[in-house]
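Reading through the C-alpha cells given below for one structure.
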Ligand code: ADP
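In this note's numbering, the protein residues as written are 181 to 790.
What follows is the structure in C-alpha cells.
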C-alpha cells in the first residue's frame, strides 16, 4: 500500500518559497519611491493648478482694470475739443474759479464717475477744478502736465502732490484754435482706491508694482510704496525727474524667496506669520505694471498630502492584490502539482494492486487446484482407511461361508463317492449360493474402493444407504444392533452416489462405535422433506443410542483430526471429509444430541422419484 507519508512532492519553486518575502521587499522598496514620485507629481500638479487659478484671477483683474481705465481715457479727449475750456485757459479773466466749482466740469465728473476734473493753464497752475481745494495748485513738474504740454496724451499713475492720494491721471492738451498752440491742459483723475475696490475682496491676495518695482496697489495697505527689490541710483534719478512720487526712497518689502518653480516663485511675505505662498506674476504692458497674485500653498499642500496618502494606499493595495493573486496562483499550481503526483502514485498503486491481485488469484487458483487434488487424495485415503477397517469384519464374514463351502465341497465329494449325485448336487447348489453371498460382499468393497470424481446427479439415497449397510452388516449383526430404516426409494437427491455411500459408512461406523458399550443399540435412519426458499430439500437423519457428543466437542466435531477415539483407532478425518463431501454436493451436514444419543442430519437438494 502507498503510505501518504511516502509521497514525495515536487520541491516548491523559488517563487513559491519567496513570494511573501518578495511582497514585503517590494512594499519596502517601492512604497518610499512611490511616495516620492507621487509627492513630486502631485506637488507639481498642485503648483500648476494653483498657478493657473491665480493667473486666471490676475488676468480677470487686469482686464477689468484696463477696461475701467480705458473708460476714463476718452474723457479728456472729448473735453479738449470743448471751446469754452479753451477760451477759459486762453483768457484768464474768464476763469470762474471762486467759491463755486465750475458747473460744466462738475457735471462731467458726475456723469463719468471720475474723481476730479481740472484745468491747468499754460504756466502749470490749476485754474478750474471740480475740487476747489486744487485750484491754484501748481503741476508744472507733474508728468501728466509735461506730457500734455508737449502736445501729447498723458496717462500716469502718481501719488498726488497735494492731497497725497494715489491716482491715475489722464491729460490732454488744450489747443488755441488759431495758433494751434498749447494753452492749457485738461486733466481727469481717477482715484486708485476706486480701482482697487474690485479685487480687495478677492480670495487671491494681489499687489501691483510700477515699472520701478514700487508697490502702487495692494490688498495690504502697509505694503503701499514699498519695493520688491532695492532701487538702483538710476531708478531713483528717474523717479525724481518724473516727479511721480514726492519721495525717492522706499522701504523694502520683506520677502523671502524659497524656490523658483516653472509655475512661479515660492515666497514668504510679511503677512500671517510669513506663510509660504506661490507668487504668480502678470505683466500689464500698456501700463508698464506688474500684478503679483499669491496662491495659498497650505491649502494646496493639504490636497497634495491627501493625494499622496490615497495614491500610496492604492499602491499598497495594488501590491497586496498582486501578492494575493500570485499566492493563489502558486497555491493552485502546487495543488495541481500535488494532484498530478497523487494521481500518478494512485495509478502506480492501482497497477501494483492489479498485478498483485492477478498474482494472488493465480496462486489461489493453483493452491485451490492443489487443495482439490489433496482433498481428493484425502477422501480416497479415508476411504481406503475405512476399507481397511471393514476388511476385518469382511474377512470374518467371508470366513463363515468359506468354511461352509469347504464343508459342503467335502460332503459333495463324499456323496459322489457314495454315488449319490443328487445329494452331491444339493451341496453344490449350497456352495453356489454361499459363493454368490461372498461375491456380493466383495462386490461392494470393489465399488467402494474405486476412485471417483465429484460429479453430482439425481440419485436415490436408498441405494447408497443399502450399499453402506451391506458393507457394515457383519458388524451390525455381530454387535446385535437393532436397525429401524425408513424406505427412501420414493425420493431422489442431488449427490454423487459413491461419495454419499462414503458419508453413510462414516456416520454408521461412528454410530456403531458410539453404541459399542450401550445396553440398548438402536440405529434409526429416516428422512424428512422440507422446502425452504423454493428449492426442495430433504434431510436424512442418522440417529443412535450411543454415548452422545460432549457439548464442548460439538463445535470441534468437523475440525480435521478431532477424535476422542484411541490413538490408532480414530484419525479424526471421517466427519471432516463427510462435511466437505456434503458441502460439495450443495448440502449441509450437522450434528446434535438427542435424549438417547447423537443425531446426524444430511440436508440435500431433493425431488420426488418419478
Ligand atoms: P474418528 O471416528 O476417526 O474419531 P470422526 O471425524 O469420524 O473421526 O469422528 C470424530 C469424533 O466425533 C469421534 O472421535 C467422536 O468423539 C465423535 N463422534 C462421531 N460420531 C459420533 C456419534 N454417533 N456419537 C458420539 N460421538 C460421535
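Note that beta-carbon positions come from the ideal geometry of N, C-alpha and C, so glycine has one too.
{"query": "Same chain, Cβ closer than 6 angstroms to residue 363, five either side skipped, listed in chain order", "result": "269, 270, 302, 354, 356"}
{"query": "Residue nearest to residue 610 in terms of C-alpha spacing, selected from 599, 390, 591", "result": "591"}
{"query": "Simplified DSSP state of residue 657, which is helix, strand or coil", "result": "helix"}
{"query": "Residues that residue 770 bridges to, as DSSP identifies them", "result": "781"}
{"query": "DSSP beta-bridge partners of residue 595", "result": "BP columns for residue 595 are empty, so no partner."}
{"query": "Cβ neighbour criterion (16 or more within 10 Å) applied to residue 200", "result": "exposed"}
{"query": "For residue 265, the nearest candidate out of 252, 679, 299, 246 (CA to CA)", "result": "299"}
{"query": "Spatial neighbours of residue 788 in its chain, beta-carbon cut-off 7 angstroms, leaving aside the 5 residues before and after", "result": "670, 671"}
{"query": "Contact under 9 angstroms by Cβ, residue 338 with residue 423", "result": "yes"}
{"query": "heavy atom of ligand 1 below 8 angstroms from residue 742 C-beta", "result": "yes"}
{"query": "Member of 205, 297, 776, 415 whose CA lies at the smallest distance from the CA of residue 312", "result": "297"}
{"query": "Start and end residues, alpha helix (DSSP H) containing residue 826", "result": "Outside the shown range of the chain, which is 181 to 790, sits residue 826, and nothing can be said about it."}
{"query": "heavy atom of ligand 1 below 8 angstroms from residue 753 C-beta", "result": "yes"}
{"query": "For residue 684, the three-state DSSP class (helix, strand or coil)", "result": "helix"}
{"query": "Where residue 478 falls, given that 16 or more other Cβ within 10 Å makes a residue buried", "result": "exposed"}
{"query": "Residue nearest to residue 250 in terms of C-alpha spacing, selected from 340, 468, 350", "result": "350"}
{"query": "Other residues of its chain near residue 419: CB distance less than 7 angstroms, five sequence neighbours each side excluded", "result": "392, 425, 428"}
{"query": "Proximity below 9 angstroms, CB of residue 238 to CB of residue 473", "result": "yes"}
{"query": "Whether residue 726 touches residue 777 by CB criterion (9 angstroms)", "result": "yes"}
{"query": "Uninterrupted beta strand (DSSP E) stretches inside the segment 452–480 (no shorter than 3 residues)", "result": "456–464, 469–476"}
{"query": "Ligand 1 heavy atom lying under 8 angstroms from the CB of residue 524", "result": "no"}
{"query": "Option nearest residue 755 by Cα separation, candidates 679, 700, 705", "result": "679"}
{"query": "Stretch-stretch touch, CB-based, cutoff 8 angstroms, three pairs: the segment 533–544 with the segment 201–216", "result": "no"}
{"query": "C-alpha distance - residue 409 paired with residue 448, whole-angstrom precision", "result": "14 angstroms"}
{"query": "Nearest-angstrom Cβ-Cβ length linking residue 718 and residue 685, presumed shorter than 8 angstroms", "result": "Their Cβ separation, rounded to whole angstroms, is 20 angstroms, which puts residue 718 and residue 685 out of contact at 8 angstroms."}
{"query": "Residues that residue 256 bridges to, as DSSP identifies them", "result": "Bridge partners of residue 256: none, in fact."}
{"query": "Opening and closing residue of the beta strand (DSSP E) in which residue 297 lies", "result": "296–301"}
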